[in-house]
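Peer 1: What follows is a single structure, and I will ask about it in a moment.
2 protein chains.
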Amino acid sequence: MLSELQKARIQYQPVIPAVLQTSVDFEQEPVAQAVVPPPPFPTISTFKALRAVAKATTVARPLRVGVVFSGGQAAGGHNVICGLFDALPIGSVLYGFLNGPAGIVKQKSVELTKEMLHDFRNQGGFDLIGSGRTKIETTSQFEAALKSVQDLKLDGLVIIGGDDSNTNAAYLAEFFLQRGVKCSVIGVPKTIDGDLQGKGIEISFGFDTACKIYSEAIGNTARDAISAKKYYYFIKLMGRSASHIALECALKVHPNLTLIGEEILAEQQTLPQVVKSICDLVCERAAAGKDYGVILIPEGVIEFLIDIKELIAELNTLLLDKNSDFQKLEMGLSIASKACFQLIPESIQRQLTMDRDPHGNVQVSKIETERLLMALVESELEKRKQKGEGGYAGTFSAQPIFCGYEGRCGLPSNFDANYCYSLGRLAAMLIEHGKTGYIATLSGLTQPVTQWRAGAVPLAALMHQEMRAGVEKYVIKKALVDLKGKPFLHFANERAKWRLEDAYTQPGPIQFFGPAELTDSVPCSLRCE
Amino acid sequence: MLSELQKARIQYQPVIPAVLQTSVDFEQEPVAQAVVPPPPFPTISTFKALRAVAKATTVARPLRVGVVFSGGQAAGGHNVICGLFDALPIGSVLYGFLNGPAGIVKQKSVELTKEMLHDFRNQGGFDLIGSGRTKIETTSQFEAALKSVQDLKLDGLVIIGGDDSNTNAAYLAEFFLQRGVKCSVIGVPKTIDGDLQGKGIEISFGFDTACKIYSEAIGNTARDAISAKKYYYFIKLMGRSASHIALECALKVHPNLTLIGEEILAEQQTLPQVVKSICDLVCERAAAGKDYGVILIPEGVIEFLIDIKELIAELNTLLLDKNSDFQKLEMGLSIASKACFQLIPESIQRQLTMDRDPHGNVQVSKIETERLLMALVESELEKRKQKGEGGYAGTFSAQPIFCGYEGRCGLPSNFDANYCYSLGRLAAMLIEHGKTGYIATLSGLTQPVTQWRAGAVPLAALMHQEMRAGVEKYVIKKALVDLKGKPFLHFANERAKWRLEDAYTQPGPIQFFGPAELTDSVPCSLRCE
């Protein structure tokens, strides 16, 4: 059943860049981006970046296209499909593969019609066709995908996904080319984490909506902090591994402290050092009469702490022995890692040792970093109090908060609604022109939508070599927060003020009606660039 | 620093009921509500309910008024103060007591000016003057409050609070009358919990905004559930003890299962029975191919389970012995309570025994009921699987979510903004007419604001006798969910459909601009009545 707001949003007409309003040609950008062709991509690594230029509307032949969601949800996914559907030439057919890439391999698809799409326009979620995390990696999977595409006689396949899914798209594009199959494979950059960016991709979709939803909650909580004046809120933010979400939310709300994983890594910080830095903040604020505050903790920060990183690596090795028990594990650790392990409260120790992923590894996402830090900060503050160190005489009461699942499937902001609809439209045009092995890109996103530029970046240009499960692989590199980039520098420049002053801003809920400055804002991180 | 939305909201002009737009007279309602005068209130229990009737604007004498926030935050508090300030006759003075009732006792106050209020109009939080939980109970506190009121020569004192704070207001009103001090004491019904209602109070302020914020998150999460199809979300909702918030959110979102504490109490359910009912849901859904879902759990539900209630009572007695340790505690329990205790995972056992409130009691609010239920459901499902009971062959993966602090200080919805501003205005008028021992009431709230009725209910009429820390006391009764009331009956009538169908509705974020059906909605619970 649709809410009043859902119904109202169905009526919203996404704004389209001027260049995409009629037909386009694609011109090659003068400079090739993939300078050294990575070995697995002999063909697609020779492609050059594309720029769309408008031309008069032409009558195109009907197309047969498939589309799939891959990986975690991000707001706007349904609009990619709607934009794609609406842009396909008359007589075209659009298939949705069900429940992620598994739908391609297992040949599970559904033909999408205008009627089916009606209730999904400008709506959150991926539930029109579902999503999944299956990776198309093995030869038999590639063959199955090929058969799927051939059986449906597809001219194109649009893969809506993050770094791993677009890596898959690249392998698939190369595979189809080598087998002489004329099916375009086009990627669309999706992920709330914001780590699929750079080289022509300004931002992935879903990031804006997720950060706005989290910032609403963080801003409300900050207002609670200054009203009740009794709690420290330790707020963990979803998103692995990069700290883009935390940085964006910090720029929006101005919390007292924000951990940035990339900075922690650059400074080779350990868990005790981070605990110390939080305790220092608490003591400084207590001296100013403030026993409350707001601290942002990116989910991925735990992986950037050098001692925890080492501990996890050792545990992963020890966990290979299926008979290992808690005691054996602890005995097997190096002296440094044992010390680190013993620092950790028992409940978190269990999260580290009991919960393993399907490969037997420690499940980093299950570690409740916000609670770990709360416990360690509390005990360190107790020590300082007893030693009379720094004259700390405050009271410390903390509350853990997790901003997570509620941010992935919200009603997309106007930015994400427009961005996604236009990305879908662009994907249709790339397929129409027979382009393959590309990711669709829109740029100039801080400008009015009509002025956005459209183009495509060869997926091969995004690749780098990386160790995955002990094997060297070509994959799309996750874009971490650039410590020399403008968003971080702006944050670094402002944050000293935010420590003691309560300079919180309350962004409030996403607005869909009213003045443009309320409805059409773009991420702060983009505005900084 | 104000966000764009905060700035836009400052400009919002709250709508005022027609009857409050000029001056009013107060007429007595024909029937006295407090039939049996409770002993502590010989004077105010003789008062009759009042009804405001409009009259031509009259020039009134300047007033000196104090205002205080008491207890937990609720959206709209600042608007009560703004409405009060704007309605006071020219030349009046308004003092804000700082950080709750402690500010009255300690004579800490600040004179509020138009300039100070400017940035707080239609904003969330209580930070203009802060709040606190001090209760004015002892003789010396009453005397201090009297001195405070006399020193500032106050004509009136407005107490913005929940059931306990308004109980305090009643005692203070009676005390002032008996000492011959002409200072009106007027209560304003505040609490997100929605348990200050009945006898002329339709709803407390803050409930609407909190439920809308929680429902946004729950709706988003439900959309995530049907998109990823892999998690059961166990969502705990803030609010003690009544389940009004859970009921309202259920009516808005249609989750698969919603626990209602009052129903659990009526049916004398135990923890294992509730676990069984959740497992039954999971099994039914698994049979329909659905290994995901959304379950709402009111924070207060734990107190309604008869076995847990007994366990907590026993623990509270045992905890009186300050030397009790974990083992002693367990040994001291009755057989039934020991069995119940042993059912509970160790981490929650510790929450039950380690965290005590200032009176040495178990801190019920610290019990993570959502995690307790997740753990027990998981182990019960495992047993069913092994026994082959009911053919359960699903996979169960659950995520805990807590909708809490972010709901108390959001930007107030139009409903709460209008309601609070008008309540403040009404409070000013009650003081102008020398009324005391009343709580300000607006009714007909499902009608357009201009048609709302205004009046006041004697605080004494809300009282009942209750055991508090072993002593019989007259206090305002918390209004629980009425199992024969229309909101619950409507829910009970619909919920069977919601179990297996994914009938989720996504209300989305609160809107402040656009069509009235989006911006001006009132709680479903009110519409049902």
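From first to last, the protein sequence lines are chains P and V.
Going by my numbering, the residue at position 123 of the first sequence is 123; the numbering climbs one at a time, nothing skipped.
Going by my numbering, the residue at position 519 of the second sequence is 1519; the numbering climbs one at a time, nothing skipped.
We treat Cβ as the ideally placed atom computed from N, Cα and C, and that holds for glycine.
Treat the numbers as computed from the prediction; the structure is a model and nothing was measured.
Please work out which residues of its chain come closer than 7 Å, Cβ to Cβ, to V481 (chain P), disregarding the five sequence neighbours upstream and downstream, and give them in chain order.
Peer 2: Excluding positions up to five away in sequence, the list reads A242, S243, H244, L247, I260, E262, F488.
Peer 1: In the DSSP output, what is T1258 (chain V) paired with across the bridge?
Peer 2: In the DSSP output, where bridge partners are listed per residue, T1258 (chain V) has V:L1296.
Peer 1: Measuring only between beta-carbons, confirm whether R1371 (chain V) sits less than 8 Å from chain P.
Peer 2: Not an interface residue.
Peer 1: Residues in its own chain within less than 8 Å of S397 (chain P) by CB, not counting five upstream and five downstream?
Peer 2: These residues qualify, in order along the chain: K230, Y231, Y232, D291.
Peer 1: Helix, strand or coil for F513 (chain P), going by three-state DSSP, please let me know.
Peer 2: Three-state DSSP puts F513 (chain P) in coil, outside helix and strand.
Peer 1: Cα-Cα, which of P:R285, P:V364, P:I186, P:I295 is closest to A313 (chain P)?
Peer 2: Measuring from the Cα of A313 (chain P), the nearest candidate turns out to be P:V364.
Peer 1: Verify the CB distance criterion: does S109 (chain P) have a CB-CB separation below 8 Å to chain V?
Peer 2: Not closer than 8 Å to any Cβ of chain V, the Cβ of S109 (chain P) fails to qualify, so no.
Peer 1: Any idea what DSSP makes of H1244 (chain V), helix, strand or coil?
Peer 2: Three-state DSSP puts H1244 (chain V) in a helix.
Peer 1: List in chain order: all unbroken alpha helix (DSSP H) runs of 4+ residues lying wholly within the region 1127-1158 of chain V.
Peer 2: With a minimum length of 4 residues, the continuous alpha helix (DSSP H) runs that stay inside the region 1127-1158 of chain V are 1139-1151.
Peer 1: Could you tell me the distance, in whole angstroms, from the CA atom of D357 (chain P) to the CA atom of C1082 (chain V)?
Peer 2: Roughly 55 Å between the two C-alpha positions.
Peer 1: Please list the partners that R408 (chain P) has in chain V, where partner means a Cβ-to-Cβ separation under 7 Å.
Peer 2: Residues of chain V passing the Cβ test: D1224.
Peer 1: Am I right that I476 (chain P) and T46 (chain P) are in contact with their C-beta atoms under 8 Å? What's the rounded C-beta distance?
Peer 2: Contact flag wrong, Cβ pair sits at about 18 Å.
Peer 1: Closer than 8 Å is the cut-off here; do at least three beta carbon pairs connect the region 1144-1155 of chain V with the region 1100-1111 of chain V?
Peer 2: Yes, the region 1144-1155 of chain V touches the region 1100-1111 of chain V.
Peer 1: Provide the residue(s) that pair with R1285 (chain V) in DSSP beta bridges, ordered along the chain.
Peer 2: Bridge partners of R1285 (chain V): none, in fact.
Peer 1: Return the chain-ordered list of same chain residues with a C-beta closer than 7 Å to the C-beta of C1249 (chain V), the five sequence neighbours on each side being excluded.
Peer 2: Once the five neighbours on either side are set aside, the close Cβ partners of C1249 (chain V) are C1211, Y1214, S1215, I1218, L1237, L1296.
Peer 1: List, in chain order, every chain P residue whose beta-carbon is nearer than 7 Å to that of A1228 (chain V).
Peer 2: Here the neighbours are Q73, S131.
Peer 1: With G187 (chain P) as the anchor, note down where its beta strand (DSSP E) starts and where it stops.
Peer 2: Residues 184-189.
Peer 1: Are any of the Cβ atoms in chain V nearer than 8 Å to that of L343 (chain P)?
Peer 2: So, not an interface residue.
Peer 1: Examine chain P for any beta-carbon lying closer than 8 Å to the beta-carbon of Q1006 (chain V), and answer yes or no.
Peer 2: It does; some Cβ of chain P falls within 8 Å.
Peer 1: Which value, in whole angstroms, describes the spacing of the CA atoms of G391 (chain P) and K385 (chain P)?
Peer 2: The straight-line gap from Cα to Cα measures roughly 7 Å.
Peer 1: When you compare each of V:I1510, V:P1089, V:A1460, V:G1407 to A1049 (chain V) by their alpha carbons, which one comes out closest?
Peer 2: That would be V:A1460, whose Cα lies nearest to the Cα of A1049 (chain V).
Peer 1: Skipping 5 residues on each side, what residues in its chain have a beta carbon closer than 7 Å to that of Q197 (chain P)?
Peer 2: Only I203, S204, A479 meet the Cβ criterion.
Peer 1: Using a Cβ-Cβ cutoff of 9 Å, what residues of the region 498-518 of chain P are near chain V? List them in chain order.
Peer 2: Listed by position, the residues of the region 498-518 of chain P near chain V (Cβ gap below 9 Å) are D502, A503, Y504, T505, Q506, P507, G508, P509, I510, Q511, F512, F513, G514, P515, E517, L518.
Peer 1: Ignore the nearest five residues each way along the sequence and tell me which others in L1281 (chain V)'s own chain have a CB closer than 8 Å to its CB.
Peer 2: These residues qualify, in order along the chain: N1256, L1257, G1293, I1295, R1499.
Peer 1: Tell me, which residues are paired with H464 (chain P) by DSSP?
Peer 2: H464 (chain P) is bridged to P:V475.
Peer 1: May I ask which residues mark the beginning and end of the alpha helix (DSSP H) holding L177 (chain P)?
Peer 2: 163-178 is the extent of the alpha helix (DSSP H) around L177 (chain P).
Peer 1: List in chain order: all unbroken beta strand (DSSP E) runs of 3+ residues lying wholly within the region 1050-1088 of chain V.
Peer 2: Those beta strand (DSSP E) runs which fall completely within the region 1050-1088 of chain V and span 3+ residues are 1050-1055, 1064-1069.
Peer 1: Answer yes or no: does any C-beta atom of chain V fall closer than 8 Å to that of A217 (chain P)?
Peer 2: It does; some Cβ of chain V falls within 8 Å.
Peer 1: Report the residue from V:E1310, V:I1226, V:N1418 whose alpha carbon sits nearest the alpha carbon of A1503 (chain V).
Peer 2: With distances taken between Cα atoms, A1503 (chain V) lies closest to V:I1226.
Peer 1: Is Q1342 (chain V) buried or exposed, if buried means 16 or more other CB atoms sit within 10 Å of its CB?
Peer 2: So Q1342 (chain V) counts as exposed.
Peer 1: Within its chain, find whatever has a CB closer than 7 Å to the CB of L1483 (chain V); leave out the 5 residues flanking it on each side and keep chain order.
Peer 2: So the qualifying residues of the chain are E1262, E1263, A1266.
Peer 1: Take G536 (chain P) as the anchor and find which of P:L63, P:R285, P:C283, P:V301 has the nearest alpha-carbon.
Peer 2: The shown model of chain P, from 1 to 529, leaves out residue 536 (chain P), and the question about it has no answer.
Peer 1: Return yes when the Cβ of I44 (chain P) is within less than 8 Å of the Cβ of A173 (chain P), no when it is not.
Peer 2: Against a cut-off of 8 Å, the Cβ pair of I44 (chain P) and A173 (chain P) comes out as a contact.
Peer 1: Answer yes or no: does any C-beta atom of chain P fall closer than 8 Å to that of M1001 (chain V)?
Peer 2: Judged by the 8 Å Cβ criterion, M1001 (chain V) is in contact with chain P.
Peer 1: Would you please state the rounded distance, in angstroms, between the beta carbons of L1372 (chain V) and I1401 (chain V)? I believe it to be under 8 Å.
Peer 2: 14 Å between Cβ atoms; not a contact.
Peer 1: Going by DSSP in three states, P1272 (chain V) sits in which element: helix, strand or coil?
Peer 2: If DSSP states are grouped into helix, strand and coil, P1272 (chain V) belongs with the helices.
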